[in-house]
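Asks: 1 is the number of the first residue of the sequence shown in UniProt numbering; add one for each residue after it. For each residue, glycine too, the CB sits at the ideal point set by N, CA and C. These numbers come from a predicted model, not from an experiment. Sharing a structure here in structure tokens format.
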Amino acid sequence: MCIVGVFQNATIARLKDTWKTLPPKQHQRLNFYVSLMSPKGNYKLYREDLKRSAGPLVPYIGLYLTDLTFVEDGNPKFLDTEKKIYNFEKLALQAKLIFEIREYQSKVFDLQTNDAVQDWIFKAVSVELTKDELMILSESIQPRKIK
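Encoded structure:
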């Protein structure tokens, strides 16, 4: 989701001349991921892909937080408030979502350390630019066309 979001950011998406230089295979790959992460149908394609994946993977946690919020806000705590009868269906829905998250956390990534990649990531992450600074950089690559 994060990677798709970066490419859909206005400062990147506006670089039409740069996008034209991207090989068709790369366009297809990006379009696949944009479709996969589409919120249409409550992230239907992404949810289906998650179910098929053996992992290990890091799921988009925002999806689970949204689901938990809907379960919390859309279901009463008690079925009968006077008798304090708990809504166990609500608790079961919450437990199911938390169990799914825990399942993803239990799978181990078998990765080898790559110092060059780690250094590159740390340097890239340490640079924080504002939206205005990003737009200035974007416009330096491809100036706005005057109508």
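#1: How long is the line joining the alpha carbons of Val4 and Met135, rounded to whole angstroms?
#2: Find the nearest neighbour of Lys107 within the set Gln28, Gln26, Val58, Ser35, judged by alpha-carbon distance.
#3: On a Cα-Cα basis, can you pick out the residue from Asp110, Leu22, Arg29, Thr11 that is closest to Gln142?
#4: Would you check if there are 3 or more beta carbon pairs closer than 8 Å linking the stretch 20 to 38 to the stretch 76 to 87?
#5: Please state the DSSP three-state secondary structure of Ile141.
#6: Give the straight-line distance between the Cα atoms of Asp67 and Gln94, rounded to the nearest whole angstrom.
#7: Could you check where the alpha helix (DSSP H) with Asp17 kicks off and where it finishes?
Replies: According to the structure data:
#1: Sequence index remark: in the sequence shown, residue 4 carries index 4 (1-based). Sequence index remark: in the sequence shown, residue 135 carries index 135 (1-based). Taking the straight line from one Cα to the other gives about 18 Å.
#2: Translated into positions along the sequence shown, residue 107 becomes position 107. The shortest C-alpha separation from Lys107 is found at Val58.
#3: Here residue 142 refers to the residue found at position 142 when the sequence shown is read from its first residue. Cα-wise, what sits closest to Gln142 is Thr11.
#4: no
#5: Position 141 of the sequence shown, counting from 1, holds the residue named residue 141. Note: Ile141 maps to helix in three-state DSSP.
#6: Locating residue 67 in the sequence shown gives position 67, counting from the first residue. Locating residue 94 in the sequence shown gives position 94, counting from the first residue. Roughly 9 Å between the two C-alpha positions.
#7: Walking along the sequence shown from the start, residue 17 turns up at place 17. It spans 16 to 20 - the alpha helix (DSSP H) in which Asp17 sits, taken as one unbroken run.
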